[in-house]
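J.: Supplied in structure tokens, the structure appears directly below.
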Amino acid sequence: DIQMTQSPSTLSASVGDRVTITCRASQSISSWLAWYQQKPGEVPKLLIYEASSLESGVPSRFSGSGSVTEFTLTISSLQPDDFATYYCLQYYSYWTFGQGTKVEI
Amino acid sequence: QLHLVESGGGVVQPGRSLRLSCAASGFTFSSSAIHWVRQAPGKGLEWVAIISYDGSDEFYADSVKGRFTISRDNYKNTLYLQMNSLRAEDTAVYYCAKGRGGRSLIDYWGHGTRVTVSS
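Chains as they are written, first to last, in my numbering: chain A, 736 to 840; chain B, 5 to 123.
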């Protein structure tokens, strides 16, 4: 089974900050990685797929990069609406989520 | 507009069974693989199961294999999850989620139904 390790688990930031979240796969997943945002009491929302493709309607301040085993989600300028928990998902072999990164003020 | 509406959750004793349903609309249900994903209280997301567009293939997480069965009725645009031999650790919000593309990327989620396993 493929394990996904996200870091950090919690991230404290301010509005306007550049934020980076990392996800590491236990084996190669090519570019089959997605990122989701989940706000309290809400369902997850797809942000990025295939490591770097922006889902329709998602603000361009979100970007993804990486391949093989190392992946990054970057928020270029953190907005008040971005305080949430972010999850990565590998969909190369079955489906495995990272444990989540909470972005807090 | 795409909709996935789960139902069937509730409180159930350990060892008992429960059947969840997910009613789909707004897209071609019979062309899409569909997942179940769960989230325990205060915890992260855990993939549970997937069924292919035509019901011919099913895959399960090790944590539920042999106890849970995913199925679908493409005439009723409805997905099911039969959960047997429930354990306390199955307590979670269960989401159905639509798959997209050849690798069934999870691209849209229902709002979930809560399952509590407790004596």
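Ideal Cβ positions, reconstructed from N, Cα and C, are used throughout, including at glycine.
#1: Could you tell me whether the Cβ of His-115 (chain B) comes closer than 7 Å to any Cβ of chain A?
#2: May I ask you to list, following chain order, the residues of the segment 803-830 of chain A that have a beta carbon less than 9 Å from some beta carbon of chain B?
#3: Is the distance from the Cβ of Ala-28 (chain B) to the Cβ of Ser-108 (chain B) below 7 Å?
#4: Could you compute how far the alpha carbon of Cys-26 (chain B) sits from the alpha carbon of Thr-755 (chain A)?
#5: Does any CB atom of chain B fall closer than 7 Å to the CB of Leu-724 (chain A)?
#6: I need the DSSP call for Ala-92 (chain B), collapsed to helix, strand or coil.
#7: Looking only at C-alpha atoms, which of A:Trp-830, A:Ala-819 and A:Gly-833 sits nearest to Glu-777 (chain A)?
#8: For Ala-28 (chain B), which beta-bridge partners are listed by DSSP?
#9: Could you round the C-beta distance between Gln-772 (chain A) and Tyr-821 (chain A) to whole angstroms and report it? I think they count as a contact, below 8 Å.
#10: According to DSSP, Ile-54 (chain B) sits in a beta bridge with which residue or residues?
#11: What do you get for Asp-58 (chain B), buried or exposed, if any count of 16 or more other CB atoms within 10 angstroms of its CB means buried?
#12: Can you have a look at Ile-783 (chain A) and say buried or exposed, based on whether 16 or more other CB atoms are within 10 angstroms of its CB?
#13: What does DSSP give as the partner residues of Leu-789 (chain A) in its beta bridges?
#14: Sort B:Pro-45, B:His-7, B:Arg-20 and B:Glu-62 by Cα distance to Arg-118 (chain B) and report the nearest one.
#15: Measuring CB to CB, does Leu-718 (chain A) end up less than 7 Å from Gln-834 (chain A)?
#16: Please state whether DSSP places Asp-752 (chain A) in a helix, a strand or coil.
#17: One question on the structure: do Ala-3 (chain B) and Trp-113 (chain B) come within less than 7 Å of each other, judged by their Cβ atoms?
T.: Concretely, from the data shown:
#1: By this cut-off, His-115 (chain B) is an interface position.
#2: Thr-820, Tyr-822, Leu-824, Tyr-826, Tyr-827, Tyr-829 and Trp-830
#3: No, Cβ-Cβ distance for Ala-28 (chain B) and Ser-108 (chain B) is not below 7 Å.
#4: 35 Å
#5: Given that chain A is displayed from residue 736 to residue 840, the structure contains no residue 724 (chain A) and the question cannot be resolved.
#6: Reduced to three states, the DSSP call for Ala-92 (chain B) is helix.
#7: When each option's Cα is compared against that of Glu-777 (chain A), the closest is A:Ala-819.
#8: According to DSSP, Ala-28 (chain B) bridges with B:Leu-8.
#9: 6 Å
#10: DSSP lists B:His-39 and B:Phe-63 as partners of Ile-54 (chain B).
#11: exposed
#12: buried
#13: A:Ile-783
#14: B:Pro-45
#15: Lying before the first or after the last residue shown, residue 718 (chain A) is absent from chain A, which here runs from 736 to 840.
#16: coil
#17: Here chain B comprises residues numbered 5 to 123, so residue 3 (chain B) is not present and cannot be evaluated.
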